[in-house]
Structures are given as C-alpha cells and as structure tokens.
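*Asks:* This is the structure I want to talk about, given as structure tokens.
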C-alpha cells in the first residue's frame, strides 16, 4: 500500500503544526468560532451534540494493521473505546476533547494518516472499491489513480473554499462498488477498444436534498489528462457554483441549471487552456505510484482445500457465514472476508478498540497485514487462505464480527443519526436495531436474500438512503421524529444489477414505533409476489411501487401516518 | 498609514479601496491613490486614466477577461474577498496571472485573514491587505506554513511529480521499486 515519502511526511507534519497553532489561537480567544470553524472542519473536527467529533480519512478505504492499531489506540486514549466507520470510508470518533485534537492528529501522522479535508467545502477523502486489487472482475486497479488524486487534492490552493463539499469516487471493476454515480465526480477507470488506459468521467451525481445520478461528460479520457480535466471541472464550479443558498450549492445544481451539455462545453473550454500543461500526468508518475500497490507474495495454492470442504459439509453455521462473508479472489486458494459490523444491538459501523486490534492481528496472521473499509460500513480482510477460513471464523465469532448477514436485510447502512449528530432530524441507530430485532430468524433473512436497507437521520444522506433498496429518511415534523420510506434505490453494485437508481418515496411518513411493521409488510409483500430467484429489488423493478404501497398503507391506521 | 504585506514584507501603503454606493461616480472619488471596482473603471475608463493614481479591484463574480485589455495601464490589480469562505477570488487571481498574463502587484482585499494567505500566495497574490483587526505579523508567518506542495499553481506550476524524482521510502528498499516497475 502507499507509504509516505519525504514530501508526504513533511506536509502532514506541517499541517499538524498549522492546526496546533490555530487551535491555540482559538483557545486564547484570538480566532473567533466563525473563523476557526472552516479551519477545524478541514481537519475533520465537527462540534456535535455531545462533544467534538473527529472524522479521520481512510484514503480509498485501505488500512495497514499498524494503522488500524493506531485507530484502536486513539479510540481508547481519547475517546470511549470505539469508533464509527462511515459510508465514505472514514472513521469517526464521537467523544474526543477539542483540546486533544492536535495531539490526535499528531498520533495519526505517526502512522501516515490524517484527517485532512474530511469535512468543509473542499475536495473530500477519495473513495473507491474496497476489493481493489483482489477482485476477479477488476479491469484496472483504481488505487494508484486514487492516491494520485489524494495528493492532487490535498491542500489544493484554489479549491479549498468551494461553494460546497466535493466528493470524488473511483471504480475500476466491472461491478461498481463505490456508488460512483452518486458523487460530485465519479470516475470509472477502464480500457478502450484499443486497450488504452483511460477514464469515464461523471459529474453532478449526489444524494442529499436533490438526489441525482451523475452525467457522463467524457466517455473516455486518456489517463494522462485526468488531473487537468478535473482541474477544469473544479474551476468552472468554483467560479459559477451558487454561493447564495447552501442547499443549492453542490455542483449537481450547477450542472442541472446549465444543462449537462452547456456545463460540459464550459469545462471543455476551460480545459483547452490547461490540457497538456504541467499538470498532465506522466508515465513515470503513474508507474511510481502503481509500484506502491504490488500484489503481495502469494503462495501457489490449490483453490480447493479439503479441510475447508469438510468444515463446510459438517458445519451449517460456518457454511452460512462463508456464503455471505467470503468473497472470490483473483488468486487461487485465497478469498477476501467481510467482517460484519452489523451485529444486532451494535450501532451499524461501530467497532470497539478490542475488535480493531483483533482485526489487525488477523490481517497479519491470515493475510499480509492489510484491511479494507467498505462504504457499506464493514471491514474486509483482503487475502485469507481458504484453509484458514474456519479458524478465522471461530475467532471472528468470539469477537462479535462474524454475523452471517452481509448483503442481507440486517446489514443495514446507517449514519450516527440523532443520538450523536447535531445535523440530524431523527435517530437512525434505534431504527436499525428495531429492524434487526424484528428480523432475528437467520433462516428467514437468508430466504429473503439480498436486500439493502439504508437509513439517514437527515437530508444530508450520510446513510445513503436514496440508494437503498429500502431507504429510510428521518424527518422532523413539529418537533417529532418521523420516517419517510422509499423503495427501488440502487447503488450501482450487482445487488441492483449494476444500476444506479434513486429510490422513490412510497407515501406519508411513519412514527419510529411503526417502522419494524412497515419493513415487515414490505418484505411480506415481496415474499408473496416474488418469482423463483427474484430479490426484493427485482420485484420492485418488475411491479413498481403500487403493490408495496397498497399493502403498507392499507394495513395502517390514518393517525399513525403523517401527511408528508 | 495602514500596513500591508507586499512581496513577503510588511510595508506602509496608501492605496485606498473605494466601494462606491449607488449613485456615486468618478467625481465622488477621494483624493490620492484609489482602487476602484471594475464596473466603475469600465464605465469611466478615459476619465480615470486622466485622473491617474487609479487601480482596479475585481469581485469574485467578475470575469477577469474584462480587465485584460487594460492591464498595461494599471499600477495594481486587487481581488476582493467579501467573506473569507468565498473562494471565487482564488480562481480569479489564478486566471489573471496564468491566463491574462498580469505580472504587476496582485492584492487580496476584503476579508483577508492570516489563515488564508498561504493559499492566496500560491494562486498568485503577492500583496495582502490583512483585515485591520487581524495581526499582519501572524499573516506574514503564515506565508511559510508549508514548505512543499503536491500540485502546481501560479507560484510553481510544476507539480511535485515533475519537479524531481520522489525518493522511494527507504523502508521499502530500492530493489523492490525496480522489481515492481519491471513486473
């Protein structure tokens, strides 16, 4: 994985000192809260409901064992012993002290990590496919370009005060595992018919108040132009994006207002001036960064292991876990393993310091010391020998990380919601837990099959509710928490047949107590209507909302439903 | 006389930024060196050239192409930051320098705070009228916040990857780099 050289180390250390000075001036009253806010945000620090919240970047979701141990150490030393992995491949700490924040950043810097630009109106953490480099369906490894973009966007002097936040995702596999079309810029790394390396560029996707699927503005851009083309996009946005209304300030609103054709024309006009300039990527640079992501020294193994086969045959619980958590690998005899952070009763995406340390240990014992974080808020061990799967399962079970629910109804994506976040209109975690408790029969949830439930506590959509097969959005009505339900969303992954789609709201909102029943009704409707092999999303696609809507609202009293 | 930062030093400066109210025109300008908004300049160019001691400031919404024909006649150009979080001025400055060839003084005016001058300097500003209630000394120090940069901008258009070979981290070993690049 990427390692810091002199420049990286110098910049991150200088950033810590810059922030320490700003914090000191703020605490001394020399820097007002209004002036300090954008500075701390660009270092990942929010002021939340209970305390500051620190969001640490995990660039493109890749961690070493040493880094994960540091995240555990920070959870224990500065927080309450746990952290929350997010849909943007970051980790958040909910209880750090403002006074400690510079020390935490220094600790992160010691393991080549940072919280730079994890918030604020700037280019955020670059996200990518959590199976990069190991997935059998990979076309081009997205990690080198992701790292090149990380460096390009870090402290970009012209684009640190954009109209609004700016999110870039990179995917290089046949399956889109990065929700790429939902980003301000989405990049698909690919090869054209001549075999040349390039990217497809999407602009103006996003969730939030105005969910939009990104528009393709370049079907194939040769790889060396990626940085200058993105520079042109950002310059057009920085100059012309709206700044009078924060709800209309994202690039998607500009693209919509101008129309994708006119927006593209402006980008191309700007690009003429920077194309082939010094920002053009070089082969040497691509090779240099690519060299940081070598395949580990895999052993030559048979893909089938007799011991493993025997465990599968003899142990139904193990087989069930393998069926959900173990993923194919491009090297024979190896698999990647998804460790579920979705155990019932634990807030989705949360891991304790002890769990993080256990995962770090397994990554070394059963792999090459590498861990991935997914936008579905789970952790992944990237290179596990088939023969080690059973041992890993036994230990993961003990650690509470082997819930066999990956991709199923209880593998719920959820933001921290009203329990922690000061932006939230409603709680997310208790809704997730109530649904998980309702669906407590493993046989039944496996029978239901793939079903993504995504919950956001407010319109900011950190829980990606627009992309959920079932999406749940917390809304505030006269000081009460209500939940709006949508169906038919899809994040671009194979769970939705590769489509990216925005879920449609089924009707008036529900109270929290009603939510398990609402979800049960949706699932019952699906089970009755499904054909052989169909998943929930397939039935919604085939029959539309009507049968689901009819069942959900027919069985509910008027007073339980709020006219939205 | 107010102090500003110019070319990395604190200097006295008597340029006065004029923000005319509705109905005010060329005849309402105060005596001395004045920096007038682009609109006033474009509407009264001849009169202002005749007056002398006039410079122009651009808002973030102004198209820098409009000032380009006049650059040879101007002693300095300023870009206004109505609020420090309004980042349009960074692109306006970068375009004035890189696209329209402005080589004279480029001054940041308005809500100019010490914590933003580093980025401002990178996109092409060489003078900073730091907000009067903020420390010019702190801003001067802040110009040296970072000793390097990944990406090119006006101060150095060449990104790190083109400047010099970036050393491979010693912990990974030189051999492995070669082996990996050959692989």
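Chains as they are written, first to last, in my numbering: chain B, 1 to 564; chain D, 1 to 183. The beta-carbon is built from N, C-alpha and C at its ideal position, and this holds for glycine as well.
#1: Got a sec: is the Cβ-Cβ distance from residue 156 of chain B to anything in chain D below 8 Å?
#2: Output the residue ranges of the alpha helix (DSSP H) runs that lie fully inside the region 89 to 165 of chain B and measure 4 residues or longer, sorted by chain position.
#3: Spell out a yes or no on whether the region 342 to 359 of chain B and the region 375 to 383 of chain B are touching, meaning 3 or more CB-CB pairs, one atom from each, closer than 8 Å.
#4: Between residue 238 of chain B and chain D, is any beta-carbon pair separated by less than 8 Å?
#5: Alpha carbon to alpha carbon, how far is residue 5 of chain B from residue 167 of chain D? Give it in angstroms, no decimals.
#6: Give me the Cα-Cα distance between residue 545 of chain B and residue 498 of chain B, rounded to the nearest whole angstrom.
#7: What are the residues that DSSP puts in a beta bridge with residue 477 of chain B?
#8: Taking residue 519 of chain B and residue 438 of chain B to be in contact with their CB atoms under 8 Å, please state how far apart those CB atoms are, rounded to whole angstroms.
#9: Going along the chain, which residues of its own chain have a beta-carbon closer than 6 Å to the beta-carbon of residue 177 of chain B, five neighbours each way excluded?
#10: Can you give the Cα-Cα distance for residue 22 of chain B and residue 156 of chain B, rounded to whole angstroms?
#11: Touching or not, the region 314 to 327 of chain B and the region 351 to 361 of chain B, by the rule of three or more beta carbon pairs under 8 Å?
#12: What ranges does the beta strand (DSSP E) occupy inside the region 330 to 370 of chain B, keeping only unbroken runs of at least 3 residues that lie completely in it?
#13: Determine, using beta carbons only, whether residue 146 of chain D comes closer than 8 Å to chain B.
#14: Short check: CB of residue 142 of chain D to CB of residue 159 of chain D, under 8 Å?
#15: How would you call residue 308 of chain B, buried or exposed, if buried means at least 16 neighbouring beta carbons within 10 angstroms?
#16: In chain D, which residues lie with their C-beta within 9 Å of the C-beta of residue 160 of chain B?
#17: From the DSSP output, in three-state form, read off residue 3 of chain D for me.
#18: Opposite residue 105 of chain D in the DSSP bridges: which residues?
#19: Hey, how far is the Cα of residue 144 of chain D from the Cα of residue 11 of chain B?
#20: So for residue 558 of chain B, helix, strand or coil by DSSP?
#21: Can you check whether the CB of residue 353 of chain B is closer than 8 Å to the CB of residue 81 of chain B?
#22: Taking the alpha-carbon of residue 131 of chain B as reference, which of B:530, B:143 and B:341 has the nearest alpha-carbon?
#23: Spatial neighbours of residue 109 of chain B within its chain, please: C-beta separation below 7 Å, excluding the five flanking residues on both sides.
#24: Which partner residues of residue 188 of chain B appear in the DSSP bridge assignment?
#25: So which residues of chain B does residue 113 of chain D contact, with C-beta pairs closer than 7 Å?
#26: What three-state label does DSSP hand residue 565 of chain B in the structure shown?
#27: Answer yes or no: does any C-beta atom of chain D fall closer than 8 Å to that of residue 152 of chain B?
#28: Considering only residues of the same chain and omitting the five flanking positions on each side of residue 464 of chain B, which have a CB-CB separation below 6 Å?
#29: Going by DSSP in three states, residue 498 of chain B sits in which element: helix, strand or coil?
#30: Spatial neighbours of residue 405 of chain B within its chain, please: CB distance less than 7 Å, with the 5 preceding and 5 following residues excluded, ordered by chain position.
#31: How would you label residue 473 of chain B, buried or exposed, when you count the other beta carbons within 10 angstroms and need 16 or more for buried?
#32: Can you find a C-beta in chain D that's less than 8 Å from the C-beta of residue 273 of chain B?
#33: Would you say residue 152 of chain D lies against chain B (beta-carbon separation less than 8 Å)?
#34: At the level of alpha carbons, what is the spacing between residue 293 of chain B and residue 147 of chain B?
#35: Write down the C-beta distance between residue 392 of chain B and residue 386 of chain B rounded to the nearest angstrom, noting that I regard them as a contact closer than 8 Å.
#36: Could you tell me which residues DSSP pairs with residue 454 of chain B in its beta bridges?
*Replies:* Taking the coordinates as given:
#1: Translated into the one-based positions of the first chain, residue 156 of chain B becomes position 156. Yes - at least one Cβ of chain D is within 8 Å of the one on residue 156 of chain B.
#2: Segments of the alpha helix (DSSP H) lying fully in the region 89 to 165 of chain B: 101 to 109 and 143 to 153.
#3: Yes, the region 342 to 359 of chain B touches the region 375 to 383 of chain B.
#4: For the purposes of this step, residue 238 of chain B is taken as the residue at position 238 of the first chain. Closer than 8 Å to some Cβ of chain D, the Cβ of residue 238 of chain B qualifies, so yes.
#5: Within the second chain, the letter at position 167 stands for residue 167 of chain D. Within the first chain, the letter at position 5 stands for residue 5 of chain B. Roughly 7 Å between the two C-alpha positions.
#6: On the first chain, residue 545 of chain B is found 545 positions in, with the first residue counted as 1. On the first chain, residue 498 of chain B is found 498 positions in, with the first residue counted as 1. Residue 545 of chain B and residue 498 of chain B have their C-alpha atoms roughly 20 Å apart.
#7: By one-based count along the first chain, residue 477 of chain B stands at place 477. Under DSSP, residue 477 of chain B takes part in a beta bridge, and its partners are B:480.
#8: Along the first chain, read from residue 1 onward, the residue named residue 519 of chain B stands at position 519. Along the first chain, read from residue 1 onward, the residue named residue 438 of chain B stands at position 438. Between residue 519 of chain B and residue 438 of chain B the beta-carbon gap is near 7 Å, inside 8 Å, which marks them as a contact.
#9: Position 177 of the first chain, counted from the start, is the residue given in the question as residue 177 of chain B. For residue 177 of chain B, where only same-chain residues beyond five positions count, the Cβ hits under 6 Å are 129 and 493.
#10: By one-based count along the first chain, residue 22 of chain B stands at place 22. By one-based count along the first chain, residue 156 of chain B stands at place 156. Separation of residue 22 of chain B and residue 156 of chain B (C-alpha to C-alpha, rounded to the nearest whole angstrom) is 19 Å.
#11: Counting Cβ pairs under 8 Å, fewer than three are found: no touch.
#12: Counting only runs of 3 or more, we get 334 to 339 and 350 to 352.
#13: Working through the second chain from its first residue, we reach residue 146 of chain D at position 146. Chain B contact via Cβ: present.
#14: Residue numbering aside, residue 142 of chain D sits at position 142 when the second chain is read from its first letter. Residue numbering aside, residue 159 of chain D sits at position 159 when the second chain is read from its first letter. Between residue 142 of chain D and residue 159 of chain D, the C-beta spacing is not below 8 Å.
#15: Counting from one through the first chain, the residue named residue 308 of chain B turns up at place 308. That one is buried.
#16: Residue mapping note: residue 160 of chain B aligns to position 160 of the first chain, counting from 1. Residues of chain D passing the Cβ test: 87, 90, 116 and 119.
#17: Reading the second chain from its first residue, position 3 is the one you call residue 3 of chain D. Of the three classes helix, strand and coil, the one that applies to residue 3 of chain D here is strand, per DSSP.
#18: Indexing the second chain from 1 puts residue 105 of chain D at position 105. Beta-bridge pairing links residue 105 of chain D to D:76.
#19: Numbered from its first residue, the second chain carries residue 144 of chain D at position 144. Numbered from its first residue, the first chain carries residue 11 of chain B at position 11. Distance from the CA of residue 144 of chain D to the CA of residue 11 of chain B, rounded to the nearest whole angstrom, comes to 12 Å.
#20: In the first chain, counting from the first residue as 1, residue 558 of chain B sits at position 558. With a pLDDT of only 47 at residue 558 of chain B, under 50, the local geometry of the prediction cannot be trusted, and the value read off the model is given with reservation. In this structure, DSSP gives residue 558 of chain B a helical state, which the three-state scheme calls helix.
#21: Taking the first chain and counting its residues from 1, the one referred to as residue 81 of chain B is at position 81. Taking the first chain and counting its residues from 1, the one referred to as residue 353 of chain B is at position 353. Yes, Cβ-Cβ distance for residue 81 of chain B and residue 353 of chain B is below 8 Å.
#22: Position 131 of the first chain holds residue 131 of chain B. Ranking the options by Cα distance to residue 131 of chain B, first place goes to B:143.
#23: Here the question's residue 109 of chain B lines up with position 109 in the first chain. Excluding sequence neighbours, residue 109 of chain B sits near 12, 13 and 16.
#24: Counting from one through the first chain, the residue named residue 188 of chain B turns up at place 188. Beta-bridge annotation (DSSP): residue 188 of chain B is paired with B:171 and B:200.
#25: Position 113 of the second chain holds residue 113 of chain D. Here the neighbours are 35.
#26: Outside the shown range of chain B, which is 1 to 564, sits residue 565 of chain B, and nothing can be said about it.
#27: For the purposes of this step, residue 152 of chain B is taken as the residue at position 152 of the first chain. Output row for residue 152 of chain B: interface = yes.
#28: As a position in the first chain, residue 464 of chain B is number 464, starting the count at 1. Spatial neighbours of residue 464 of chain B in its own chain (CB-CB distance under 6 Å, excluding positions within 5 residues in sequence) are listed in chain order as 87, 413 and 454.
#29: Working through the first chain from its first residue, we reach residue 498 of chain B at position 498. Secondary structure of residue 498 of chain B (DSSP, three-state): coil.
#30: As a position in the first chain, residue 405 of chain B is number 405, starting the count at 1. Cβ within range, chain order: 324, 340, 342, 411 and 445.
#31: Your numbering for residue 473 of chain B matches position 473 in the first chain. Buried is the call here.
#32: Taking the first chain and counting its residues from 1, the one referred to as residue 273 of chain B is at position 273. Closer than 8 Å: yes.
#33: Residue mapping note: residue 152 of chain D aligns to position 152 of the second chain, counting from 1. Yes, residue 152 of chain D counts as interfacial toward chain B.
#34: Taking the first residue of the first chain as position 1, residue 293 of chain B is located at position 293. Taking the first residue of the first chain as position 1, residue 147 of chain B is located at position 147. The straight-line gap separating the alpha-carbon atoms of residue 293 of chain B and residue 147 of chain B is approximately 10 Å.
#35: Within the first chain, numbered from 1, the residue matching residue 392 of chain B stands at position 392. Within the first chain, numbered from 1, the residue matching residue 386 of chain B stands at position 386. Contact between residue 392 of chain B and residue 386 of chain B does not hold, since the beta-carbon distance rounds to 11 Å and is not under 8 Å.
#36: As a first step, residue 454 of chain B is located in the first chain; it is residue number 454 there, counting from the start. According to the DSSP secondary-structure assignment, residue 454 of chain B is paired through a beta bridge with B:413 and B:471.
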